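J.: Submitted below is the structure of interest, expressed as structure tokens.
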Amino acid sequence: MLKAAKTPTRSSQPRFARRATLRRSLRLLGSFRFEQTDPSLFYGGLAADSAAMIADFYADLTGRSLDGATILDVGGGPGYFADEFARTGARYIPVEPDPREMHAAGLSVAGAVRGSGMALPFRDDAVDICFSSNVAEHVSKPWVMADEMVRVTRPGGLIVLSYTVWHGPFGGHETGPWHYLGGEYAARRYRRKHGREPKNRFGTSLFSVRAADGLRWAASTPAEVHTVFPRYHPRWAWWLVRVPMVRELLVSNLVVVATKS
914 MLKAAKTPTR SSQPRFARRA TLRRSLRLLG SFRFEQTDPS LFYGGLAADS
964 AAMIADFYAD LTGRSLDGAT ILDVGGGPGY FADEFARTGA RYIPVEPDPR
1014 EMHAAGLSVA GAVRGSGMAL PFRDDAVDIC FSSNVAEHVS KPWVMADEMV
1064 RVTRPGGLIV LSYTVWHGPF GGHETGPWHY LGGEYAARRY RRKHGREPKN
1114 RFGTSLFSVR AADGLRWAAS TPAEVHTVFP RYHPRWAWWL VRVPMVRELL
1164 VSNLVVVATK S
């Protein structure tokens, strides 16, 4: 039986909760229309929001800024997030399995590592913060990846896992909203309409990951889970995570915030 997600502690959420406004939600959701046509615009805004989010949680949990912290970004892609984290003073290390994705934007990130999120090429307790944004839905074994994120984080370090929920409005990525009729159907329809395969191919590079899956992992991980919330929603709508079925449709992106015991 799926246990309820742990209730956020008083100290784990205040800074980001204040930032989670309706204005922020509308800004982020509005940027999705540029994901395919202007990825630098879309990912640039997402990177800024991610750096601010992680800085908030890290400050609330440790009392420190990101300056000097080592951040491992699992599925860092072509490096859109590097500059934002560099501005915080953190040491940023992206990990990406696909060399084509690493160079897709023509960016060069010092220290970038090629490797799988399901077998991270790092020793135990190696980093202060392990972060993954919109990657779990592209991994065939996302909870193996989540366990790896915990493994490489030092005791007391921060783990932030954020992923797109399959039955949410963005679950099919560029093949949506037809993914509601099945991922394979959505992929075939995209190919017929555009004359090419979608970048995110269901069953190969895109998988059905539910909100309930993340809650189940949060309830079973040995890490201490502080909060689970819908990333693109204002604070007053975070209750959606607690409602079965509703969360699958309306929680477009689930975030699990934890520290390693």
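Quick note, this note's numbering runs 913 ahead of the 1-based positions in the sequence shown. All C-beta atoms, glycine included, are put in the ideal place defined by N, C-alpha and C. Here the structure is a predicted model, which means the values were calculated and not measured.
Is it the case that the stretch 1113-1133 contacts the stretch 1081-1090, given that we only count it when at least three CB pairs across the two stretches are under 8 angstroms?
T.: Contact holds: three or more Cβ-Cβ distances are below 8 angstroms.
J.: Spatial neighbours of H1092 within its chain, please: CB distance less than 6 angstroms, with the 5 preceding and 5 following residues excluded, ordered by chain position.
T.: Position 179 of the sequence shown, counted from the start, is the residue given in the question as residue 1092. Around H1092: G1084, G1085, A1099.
J.: In whole angstroms, what is the alpha-carbon distance linking L1094 and S963?
T.: Position 181 of the sequence shown, counted from the start, is the residue given in the question as residue 1094. Position 50 of the sequence shown, counted from the start, is the residue given in the question as residue 963. Computed Cα separation, rounded: 31 angstroms.
J.: Where R1000 and M966 are concerned, what is the direct C-alpha to C-alpha distance, given to the nearest angstrom?
T.: As a first step, residue 1000 must be located in the sequence shown, where it is residue number 87. As a first step, residue 966 must be located in the sequence shown, where it is residue number 53. The alpha-carbon atoms of R1000 and M966 are separated by roughly 14 angstroms.
J.: Express the C-alpha separation of E1137 and R1114 in angstroms, rounding to a whole number.
T.: As a working mapping, residue 1114 is identified with position 201 in the sequence shown. As a working mapping, residue 1137 is identified with position 224 in the sequence shown. Straight-line Cα distance between these residues: approximately 34 angstroms.
J.: In the stretch 1064-1149, which residue ranges form an unbroken beta strand (DSSP E) of at least 3 residues, counting only runs that do not cross its ends?
T.: Here the runs fully enclosed are 1066-1077, 1137-1143.
J.: I need the straight-line Cα distance from E1050 to S944, nearest angstrom please.
T.: On the sequence shown, residue 1050 is found 137 positions in, with the first residue counted as 1. On the sequence shown, residue 944 is found 31 positions in, with the first residue counted as 1. Those two C-alpha atoms are separated by around 20 angstroms.
J.: Run the CB neighbour count on K1106, radius 10 Å, all protein chains shown included, and call it buried at 16 or more, exposed below.
T.: Locating residue 1106 in the sequence shown gives position 193, where the first residue counts as 1. Exposed: under 16 other Cβ atoms inside 10 Å.
J.: Would you tell me roughly how many angstroms separate the C-alpha atoms of R1160 and D1011, rounded to the nearest one?
T.: As a working mapping, residue 1160 is identified with position 247 in the sequence shown. As a working mapping, residue 1011 is identified with position 98 in the sequence shown. Roughly 31 angstroms separates the two Cα atoms.
J.: Three-state secondary structure (DSSP) at F1035?
T.: Position 122 of the sequence shown holds residue 1035. Residue state, collapsed to three classes: coil.
J.: If we count the other Cβ atoms within 10 Å of its Cβ and call it buried at 16 or more, is W1152 buried or exposed?
T.: Along the sequence shown, read from residue 1 onward, the residue named residue 1152 stands at position 239. By the 10 Å Cβ count, W1152 comes out exposed.
J.: For the alpha helix (DSSP H) that contains A1171, what are its first and last residues?
T.: Locating residue 1171 in the sequence shown gives position 258, where the first residue counts as 1. No alpha helix (DSSP H) contains A1171, which is instead part of the beta strand (DSSP E) from 1166-1172.
J.: Could you name the residues of the same chain whose beta carbon sits closer than 6 angstroms to that of L1074, not counting the 5 residues immediately before and after it, in chain order?
T.: Start at 1 with the first residue of the sequence shown, and residue 1074 comes out as number 161. Here the set comprises S1045, A1059, V1169.
J.: When you compare only the Cα positions, how much space is there between V1048 and R1101?
T.: Reading the sequence shown from its first residue, position 135 is the one you call residue 1048. Reading the sequence shown from its first residue, position 188 is the one you call residue 1101. Whole-angstrom Cα-Cα distance: 23 angstroms.
J.: Nearest CA to the CA of Y1145: which residue from L942, R932, G1127?
T.: For this step, residue 1145 is matched to residue 232 along the sequence shown. For Y1145, the nearest C-alpha among the options comes from L942.
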